[in-house]
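Asks: Attaching a single structure in structure tokens format; questions to follow.
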Amino acid sequence: MSTTPENPETKPEEPHKPSPLAEEAPIVVQGQAAGVSYTATTGRLPIKAEDGSIDALMFYTAYTKNDEAPSDRPVMFSFNGGPGSPSLWLHMGALGPHRVVLPESGEFAPPPYRHEQNPHTWLRETDLVFIDPIGTGFSRAQTPEKAEQYWSIEGDIKSVGEFIRLWLTRNKRWGSPLYLVGESYGTTRAAGLAGALIDQGIAFNGIVLVSSIMNFQTARFTRGNDLPYLLFLPTYTATAFTHGKLQGDLAKDLVSTIRQCEEWALGDYSHHLNKGVGASEAETEAVAQRLAAFTGLSVEYCKRVNLRINIHSFCKELLREEGETVGRLDSRLKGSEDIEQGDAQSPDFDPSMSAIMPPFTSAYLQYCQHQVNPVTPLTQPSMLHYNISTNDTEIQPTNQDSR
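Next comes the structure, spelled out in structure tokens:
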């Protein structure tokens with residue numbers, strides 16, 4: 132048998148190396164919406180390593196009002212949470228000059244989707260800069276390894292802080308009043324930025340916290356931490372009221388019912404959970420009865436979970452008999468559940484996330500193409516989501532939404 136000798140000059144192929152990131156000139160267009168004439172600027176600012184090379188490019192959309200001097204206008208930097216969420220939610224859902232058109236009920240709307248002028252835009256009061264953290268939206272790192280450097284609490288604050296410093300410098304806005312608006316994990320980011328940027332000479336006149344989470348103990352349903360069971364209870368009550376699961380006087384007036392729930396949660400309910408095994412059977416029975424009344428769940432279920440109901444179990448359990456689940460982000464909405472998963476403790480999916488993801492993504496890309504014309508090399512925006520790990524120092528990828 133003959134063999135072909137190896138060519139000593141043949142070298143194994145080297146792995147493909149991505150081209151170095153380069154700065155891009157921003158695109159500037161003029162627009163008018165809701166009676167406001169503005170300049171919209173889209174682009175990506177470089178986040179550099181110590182040797183001057185570009186580690187990442189951070190995408191932004193900035194709106195400045197035309198008929199006022201920049202020196203007289205405040206600047207508000209805006210971002211959503213997740214962590215791992217782009218800024219399109221606040222951009223196209225609340226603050227920007229255009230907003231996504233959604234049905235008033237919040238239900239899933241059929242395509243095609245569109246946007247409209249936002250009569251409530253904050254641009255009347257302040258210039259707006261919407262920031263996509265690295266790994267979200269149109270923001271990209273040079274390599275996955277580079278991206279991971281920014282997927283931690285310190286790395287996240289460092290990169291967004293550097294973006295703010297660079298934007299102020301390049302746009303000559305160091306003399307403007309400065310504000311932050313963050314949503315969900317963005318409130319944690321905002322608090323971190325406010326402290327970290329002081330050392331760089333940047334102080335904020337105000338911070339707006341939307342869906343605030345400054346203490347993660349309030350939302351972690353873990354053994355030994357009873358705080359979220361108390362704080363989430365009024366939301367369970369409002370949800371049960373909306374879906375007709377409350378009885379008697381509790382089903383008559385939502386505001387009154389919520390007040391009763393809050394008083395009971397911080398009073399008798401909290402006191403009972405703190406008692407632990409010291410509570411008598413009669414006390415436990417009374418609390419189970421009241422908890423069931425406020426949540427629309429059965430007394431048996433409340434006892435089975437030791438009087439502690441986490442948000443995912445509640446979303447699954449409230450309409451279990453109807454074969455439906457309620458949304459976590461918007462609990463007015465309902466979704467069908469897989470009947471073969473009838474014993475599952477959490478929903479198959481979040482119907483409220485499913486209701487907003489297609490409209491926002493589609494309308495935003497349409498808006499970009501026809502209104503603000505983003506930089507041509509940009510590709511499909513990433514809808515990555517990340518969760519904070521147990522030690523609160525790193526943010527790990529996950530397939531579950533964590534807004």
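Under the numbering used here, think of the first position of the sequence shown as 132, with each following residue one higher.
Ideal Cβ positions, reconstructed from N, Cα and C, are used throughout, including at glycine.
Pull up the CB-CB distance for D258 and V339, whole angstroms please, since I reckon it's below 8 Å.
Replies: As a working mapping, residue 258 is identified with position 127 in the sequence shown. As a working mapping, residue 339 is identified with position 208 in the sequence shown. Not really, about 15 Å apart at Cβ, beyond 8 Å.
Asks: Sorted by chain position, which residues of the same chain lie with C-beta nearer than 6 Å to L152's C-beta, five sequence neighbours on each side aside?
Replies: What you label residue 152 is simply residue 21 of the sequence shown in a count that begins at 1. Counting only Cβ-Cβ distances below 6 Å, and skipping sequence neighbours, we find I185, L188 and Q273.
Asks: What does a CB cutoff of less than 7 Å around A165 pick up in its chain, not counting 5 residues either side in sequence?
Replies: Counted from its first residue, the sequence shown places residue 165 at position 34. Listed in chain order, the non-local C-beta contacts of A165 below 7 Å within the same chain comprise P228, Q248, N249, P250 and T252, local neighbours out to five positions each way being set aside.
Asks: Can you look up T252 in the DSSP assignment and give me helix, strand or coil?
Replies: To locate residue 252, count along the sequence shown from 1; it is residue 121. Correct three-state label for T252: coil.
Asks: So L536 is in the beta strand (DSSP E); what residue range does that whole segment cover?
Replies: The question about residue 536 has no answer here: the residues shown for the chain are numbered 132 through 534.
Asks: Taking all protein chains shown into account, decide if L397 is buried (16 or more other Cβ within 10 angstroms of its Cβ) or exposed.
Replies: Translated into positions along the sequence shown, residue 397 becomes position 266. Counting Cβ neighbours within 10 Å, L397 comes out exposed, since fewer than 16 surround it.
Asks: Enumerated in chain order, which unbroken segments of the beta strand (DSSP E) with a length of 3 residues or greater are wholly contained in the region 185 to 224?
Replies: 185 to 196 and 206 to 210
Asks: Please specify which runs of the beta strand (DSSP E), each continuous and at least 3 residues long, are wholly inside the region 218 to 302, giving them in chain order.
Replies: 229 to 231, 246 to 248 and 258 to 262
Asks: Could you say which of F363, Q391 and L428 lies nearest to K376 if we only look at CA atoms?
Replies: Position 245 of the sequence shown, counted from the first residue, corresponds to residue 376. The shortest C-alpha separation from K376 is found at L428.
Asks: DSSP beta-bridge partners for G321?
Replies: As a first step, residue 321 must be located in the sequence shown, where it is residue number 190. For the record, residue 321 in the displayed sequence is Ala; it is not Gly. The partner list for A321 (beta bridge, DSSP) is empty, contrary to what the question assumes.
Asks: Taking the beta strand (DSSP E) that A164 falls in, what are its first and last residues?
Replies: Mapped onto the sequence shown, residue 164 falls at position 33. Per DSSP, A164 belongs to the beta strand (DSSP E) from I158 to A164.
Asks: What does the Cβ neighbour count give for S290, buried or exposed, with the cut at 16 atoms within 10 Å?
Replies: Here residue 290 is taken as the residue at index 159 of the sequence shown, counted from 1. Buried: at least 16 other Cβ atoms inside 10 Å.
Asks: Nearest to L324 by alpha carbon, out of I284, V436 and P234?
Replies: As a working note, residue 324 is residue 193 in the sequence shown. Comparing Cα positions, the closest option is I284.
Asks: Below 6 Å CB to CB, which residues in the same chain sit around Q280 once its five sequence neighbours on both sides are set aside?
Replies: Position 149 of the sequence shown, counted from the first residue, corresponds to residue 280. Same-chain partners within the cutoff: G286.
Asks: Taking Cβ to Cβ, would you say S218 is nearer than 8 Å to D198?
Replies: Your numbering for residue 218 matches position 87 in the sequence shown. Your numbering for residue 198 matches position 67 in the sequence shown. Not in contact: S218 and D198 (Cβ atoms no closer than 8 Å).
Asks: Is the region 299 to 319 in contact with the region 327 to 339, if contact means three or more CB pairs nearer than 8 Å?
Replies: With a cut-off of 8 Å, the region 327 to 339 and the region 299 to 319 count as touching, because enough Cβ pairs lie within range.
Asks: Excluding the 5 residues flanking A369 on each side, which residues of the same chain have their C-beta closer than 7 Å to its C-beta?
Replies: To locate residue 369, count along the sequence shown from 1; it is residue 238. Within the same chain, A369 has close Cβ partners L385 and I389.
Asks: Could you give the DSSP three-state label for T172: helix, strand or coil?
Replies: Locating residue 172 in the sequence shown gives position 41, counting from the first residue. DSSP places T172 in strand when its eight states are reduced to three.
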